[in-house]
Amino acid sequence: MGAKYETRGKVAVITLDNPPVNGLGFETRTGIAAGIERALADAAVVAIVLTGGGRAFSGGADIKEFGSSKAIAEPNLLSLIRLLEDAPKPVVAAINGVVMGGGLELALGCHYRLAVAGVDVALPEVKIGLIPGAGGTQRLPRVLGVETALNMIVSGEPVKSELLASLPGQKLFEPLVAGDLMTAACSFAETKAAEHAGSGAPLPRVRDLKARHDNADAYFGFARNMVKGMAKHFPAPAKCVDAVQASVGNSFDDGMALERDIFIALMMTPESKALRHAFIGERAAAKIADVPQDTPLRAIKKVAVIGAGTMGGGISMNFLNAGIPVTMLETKQDALDRGVATIRKNYESQLKKGKLKADKLDQRMGLLSTTLNYADIADADLVIEAVFEEMGVKEQVFKQLDAVMKPGAILASNTSTLDVNRIASFTQRPQDVVGMHFFSPANVMKLLEVVRGAATAKDVLATVMRTAKTIRKTAVVSGVCDGFIGNRMIEQYSRQAGFLLEEGCTPAQVDKAVEKFGFAMGPFRMGDLAGNDIGWAIRKRRYQDKPGMRYSKTADLLCEMGRYGQKTGAGWYDYVPDKRDAIPSALVVQMIEDHRKTLATAARAGGEPVLAQRKISDDEIVHRLVYALVNEGAKILEEGIAGKASDIDMVYLTGYGFPLHRGGPMCYADSQGLFNVVQTMKKFAANPHDDASFWQPAPLLARLAAEGKSFT
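Going letter by letter, the sequence shown gives residues -11 to 700 in our numbering.
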């Protein structure tokens, strides 16, 4: 967890040793500093090589230390870089694999940098709402030029070492090493030590170079306008421009001072806190408390998908994209033909847009086969059922799978709400059954809810989580309940949206308020996209299972009009053929107004308070919807359906369009203060036309608020 020290001839080699990416945590920084001091004190050592163990030089700062005393404990990264920079013996960075963030800033503090081809080079701090904070905005422009450096800093995206090394006039790397990196680095270090001893000239420091631009004011003005249009919810990209501009025409120390001030200010912003929460939460989602990291995995070399419809085709594409053969099974040949044609059409669309090459299209389609016979998929390692969302249909499928699939095959259901334990009971191998809930369109959406049944084996769970990573999904484990994490919570969100219509809102008003808050789309546009008939089917089941749960009737009335959404050209909004623009519908607004009158008539007849249409603020709209998610999320946490609050946030950030800059519903609630959340919920409970019982704070929420604690 620190750094290793050794000598190779006259060269001291300090190797960062903090797997997996040699993060620059306190112990690692301490180890590097100790190694530098040891090398400088040894008269037999003429030069120092700094390198990374394993597959990375360094991935940068240890984000888990942010906000803690360790993050600023000496030697901090700034002090460590100054120690390298001022060393009287040549310090050579030997860069392998990955050099990012603080790792790149550390390398820029060395006198020389050697690298091999294929190294990923980046300053990705903007992705967690920050700017580089240890000289990256000041040193990178000095070695790569202002425009290249700013593009890298604002985007945060990695660039390959060979591309950067080919730039005219670059001073980031010496010529790339073709052979063994460490052999070349030690030889280079000895040569530079001899040259330095012979000439007496000072060792080269990046800080002593100049950053120049021929038309700086115009360029930075253009860059600032571009950034504002691309990142309206995030302050960090614009601040990157400010910091890089300070590298031109100012002293190095003045630029460093500005960089540090900006970094510290951004660290305290809610946007950065939200992004850091999401960064850590995505990695934490893969860790399951009772499933060891070294759990043996089952091999997934061949996949079968039951159903060639929209979901089945999308699911299949994930595996084809990853180079895994897929067999799609259907009951009729024309259904298979349509499914294959849709997959091909999707790939051809990517081809036209330049996102896919022709040989890749052929390769992926070549991995796809089809069948009408269950016996033909018997040798698949993983089979995913994507048929109609009805328990009787699932029962038929899983009984057939149980009969034909080989021992050890994983049997997965793409169900979005149904009981995975009951589905598992249709087989003689419940330990092999798991939920894999993909989100539509399945080949695009990042989220995969992995539903753990009561009998699901740990190796099945571990294998599915690893498979999710293979197909580039963010997997979150859920326990078994109606709707799992995402859909169980969205039901309460949707109920509140319906009540808002009854109380005076239009669909467009609700959607606009939520979208202004930052959601990708509001609840009514989302319903039209997903299909309003899906929610209708769920509500019909609810009316039988939970007769005491109240819903607005507006959504049922909409479906009775045949307005299922985009697929029928009419839903909460009207749609023009082949376009997705949501056009407010006078017919729907009239239906809602008529429904309000019906409610008022019924209330008068029953001697109840009459629902009077009122003007509802955007703030009330947003917080009734978001706090509905929060309260249900608290119940899910307390029941153990979700393992941690960040898992809930990852579901909503990656599957439901929750604004990234707010960190997810549980993180957002924390940012508002749980005491304040509870007080607001009490106001909602006092509304006679809302569901007062729902707004009773979940026990976990009430307890955390009373104790002054938070979810995350």
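Using N, Cα and C, we set each Cβ at its ideal position, and we do this for glycine too.
It should be emphasised that the depicted structure is a prediction, and the values quoted were computed from it without experimental measurement.
Straight-line gap, residue i to residue j (C-alpha atoms, nearest Å)
{"i": "Val702", "j": "Ala35", "result": "For the chain, the structure presents residues -11 to 700; residue 702 sits outside this window and is missing."}
{"i": "Gly380", "j": "Thr403", "result": "13 angstroms"}
{"i": "Met477", "j": "Lys446", "result": "26 angstroms"}
{"i": "Ile250", "j": "Leu96", "result": "20 angstroms"}
{"i": "Lys567", "j": "Leu517", "result": "12 angstroms"}
{"i": "Ser239", "j": "Pro190", "result": "19 angstroms"}
{"i": "Asp607", "j": "Gln384", "result": "48 angstroms"}
{"i": "Glu437", "j": "Gln338", "result": "26 angstroms"}
{"i": "Ala391", "j": "Ala273", "result": "34 angstroms"}
{"i": "Ala219", "j": "Ile252", "result": "20 angstroms"}
{"i": "Gly121", "j": "Ala245", "result": "10 angstroms"}
{"i": "Ser659", "j": "Pro258", "result": "7 angstroms"}
{"i": "Arg212", "j": "Glu503", "result": "25 angstroms"}
{"i": "Met305", "j": "Val293", "result": "10 angstroms"}
{"i": "Lys180", "j": "Cys98", "result": "13 angstroms"}
{"i": "Lys333", "j": "Val422", "result": "31 angstroms"}
{"i": "Met549", "j": "Asn520", "result": "11 angstroms"}
Continuous beta strand (DSSP E) stretch holding residue i: start and end
{"i": "Glu(-6)", "result": "Gly(-10) to Arg(-4)"}
{"i": "Gly209", "result": "That residue, Gly209, is in no beta strand (DSSP E); its alpha helix (DSSP H) goes Ala204 to Met218."}
{"i": "Val293", "result": "Val291 to Ile294"}
{"i": "Ile276", "result": "That residue, Ile276, is in no beta strand (DSSP E); it is neither H nor E in DSSP."}
{"i": "Asp607", "result": "Where Asp607 is concerned, there is no enclosing beta strand (DSSP E), although the alpha helix (DSSP H) it sits in stretches over Asp606 to Glu627."}
{"i": "Val236", "result": "Looking at the DSSP string, Val236 is not in any beta strand (DSSP E), and its letter there is neither H nor E."}
{"i": "Met316", "result": "Val314 to Leu317"}
{"i": "Glu373", "result": "Leu370 to Glu373"}
Residues that DSSP places opposite residue i in a beta bridge
{"i": "Ile83", "result": "Ala103"}
{"i": "Leu66", "result": "Paired residues: none, contrary to the question."}
{"i": "Glu437", "result": "His425 and Val464"}
{"i": "Leu38", "result": "Ile2 and Ala81"}
{"i": "Pro572", "result": "Tyr561"}
{"i": "Gly553", "result": "Ala558"}
{"i": "Ser46", "result": "Val87"}
Residues of its chain near residue i, where Cβ-Cβ distance is below 7 angstroms and the 5 sequence neighbours each way are ignored
{"i": "Gly506", "result": "His221, Pro647, His649 and Arg650"}
{"i": "Ala59", "result": "Glu53"}
{"i": "Leu160", "result": "Arg101, Val131, Leu132 and Leu152"}
{"i": "Leu662", "result": "Leu689, Leu692, Ala693 and Ser698"}
Cβ neighbours of residue i in the same chain (closer than 6 angstroms, five flanking residues each side left out)
{"i": "Ala657", "result": "Val618 and Val665"}
{"i": "Ile398", "result": "Leu370, Asp420 and Val448"}
{"i": "Thr642", "result": "Lys434, Leu435 and Thr462"}
{"i": "Trp709", "result": "Because the chain spans -11 through 700 in this model, residue 709 falls outside it and cannot be assessed."}
{"i": "Ala616", "result": "Gln480, Tyr481 and Gln484"}
{"i": "Ala44", "result": "Val9, Asn10, Gly85 and Val86"}
{"i": "Trp683", "result": "Met669, Phe672 and Ala673"}
{"i": "Ala173", "result": "Val37, Val80, Ala82 and Leu102"}
Boundaries of the alpha helix (DSSP H) in which residue i is found, first to last residue
{"i": "Val385", "result": "Met379 to Val392"}
{"i": "Ala199", "result": "Counting along the chain, Ala199 falls outside any alpha helix (DSSP H), and DSSP gives it neither H nor E."}
{"i": "Val134", "result": "Val134 to Ser143"}
{"i": "Asp322", "result": "Gln321 to Lys340"}
{"i": "Ile411", "result": "Val408 to Ala412"}
{"i": "Ile303", "result": "Thr298 to Asn309"}
{"i": "Asp249", "result": "Phe240 to Met255"}
{"i": "Asp635", "result": "Ala633 to Gly643"}
{"i": "Asp108", "result": "Run containing Asp108: none in the alpha helix (DSSP H); it sits in the beta strand (DSSP E), Asp108 to Ala110."}
{"i": "Ala185", "result": "Leu169 to Ser187"}
{"i": "Met509", "result": "No alpha helix (DSSP H) holds Met509; DSSP gives it neither H nor E."}
{"i": "Ala543", "result": "Thr542 to Glu548"}
Contact test: residue i Cβ vs the ligand PLP heavy atom, cutoff 8 angstroms
{"i": "Glu627", "result": "The ligand PLP is not among the ligands present in this structure, which contains no ligands whatsoever."}
Residues of its chain near residue i, where Cβ-Cβ distance is below 8 angstroms and the 5 sequence neighbours each way are ignored
{"i": "His265", "result": "Ser634, Asp637, Gly651, Gly652, Cys655 and Thr700"}
{"i": "Glu178", "result": "Gly(-3), Lys(-2), Val(-1), Val34 and Ala35"}
{"i": "Leu308", "result": "Val314, Ile331, Arg352, Met353, Leu355 and Leu356"}
{"i": "Gln601", "result": "Glu491, Gly492 and Arg584"}
{"i": "Pro565", "result": "Gly557"}
{"i": "Gly515", "result": "Ser482, Gly523, Ala543, Gly553, Gly559 and Trp560"}
{"i": "Arg70", "result": "Gly97"}
{"i": "Ala346", "result": "Leu339"}
{"i": "Lys198", "result": "Arg130"}
8 angstroms contact criterion, which residue i and residue j should meet: CB distance rounded
{"i": "Ser428", "j": "Thr298", "result": "7 angstroms"}
{"i": "Gly471", "j": "Arg440", "result": "Between Arg440 and Gly471 the Cβ distance is about 15 angstroms, and since that is not below 8 angstroms, they are no contact."}
{"i": "Tyr561", "j": "Ala570", "result": "4 angstroms"}
{"i": "Ala442", "j": "Asn409", "result": "5 angstroms"}
{"i": "Glu464", "j": "Met424", "result": "A small fix is needed here, since residue 464 is Val in this sequence, not Glu. Going by Cβ atoms, the distance from Val464 to Met424 rounds to 12 angstroms, so no, they are not a contact pair."}
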